[in-house]
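Worksheet: the structure to be examined is printed underneath.
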Amino acid sequence: RFPAAERKRIQSRYASLKGDNRGRHRARVTKFTINGTSGSLTVNEWDNVTVIFTCNARGRPAPSVTLHNANRELLNEVGNTPSDEHDKTVSFTLVGVTSEDMGTYTCTADNNFPSPKQDNVQLNVR
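Heads up: the sequence shown begins at 1 in the UniProt record's numbering, then just goes up one per residue.
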């Protein structure tokens with residue numbers, strides 16, 4: 001065990017190393033769904049299907065949330081509905097899905113602490 005004076009010095013040094021990271025939590029995607037399903041969804045092109053992508057993210061500070069497909073940004077925090085100050089939920093709707101919409105969709109959560117986190121869903125169109 002360290003003497004009380006030494007413990008206090010160590011605690012003080014640790015607190016100064018933490019600096020303004022105190023109270024911060026890395027961003028994470030807590031749930032990413034396509035029509036309420038995680039993973040993948042297969043639809044028929046001729047059925048005039050509407051698909052809704054929903055991404056929930058959490059972090060402190062609250063993360064920015066971006067949805068993209070094949071390097072094309074679909075949504076960047078438009079329509080945010082924060083459920084509390086550290087959560088964000090974004091949704092993106094595709095109406096009349098075609099084969100051109102098929103592919104991997106990615107949700108990215110980023111609050112610059114320390115790096116962005118992502119999750120993917122797959123849209124298959126027959």
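Where a beta carbon is used, it is the ideal one built from N, C-alpha and C, also for glycine. Values in this document were obtained by computation on a predicted structure and should not be read as measured data.
Comparing C-alpha distances from Leu94 to each of Asp110, His68 and Thr108 shows the shortest one belongs to His68. Residues Ala27, Arg28, Val29, Ala57, Gly59, Pro63, Val65, Pro116 and Lys117 of the same chain have their beta carbon placed closer than 7 angstroms to that of Ala109, with the five preceding and five following residues left out of the count. Per the coordinates, the alpha-carbon of Lys88 lies some 31 angstroms from the alpha-carbon of Asn44. Listed in chain order, the beta strand (DSSP E) elements of length 3 or more contained wholly in the UniProt domain "Ig-like" (27-124) are 40-43, 50-60, 64-69, 72-76, 87-95 and 103-110. It is roughly 17 angstroms from the alpha-carbon of Val51 to the alpha-carbon of Ala70. For the pair Leu123 and Val97, the CB atoms are nearer than the 9 angstroms cut-off. Scanning Tyr105, Pro61, Trp46 and Pro114 for the CA closest to the CA of Asn35 turns up Tyr105. Residue environment for Asn112: exposed (fewer than 16 other C-beta atoms within 10 angstroms of its C-beta).
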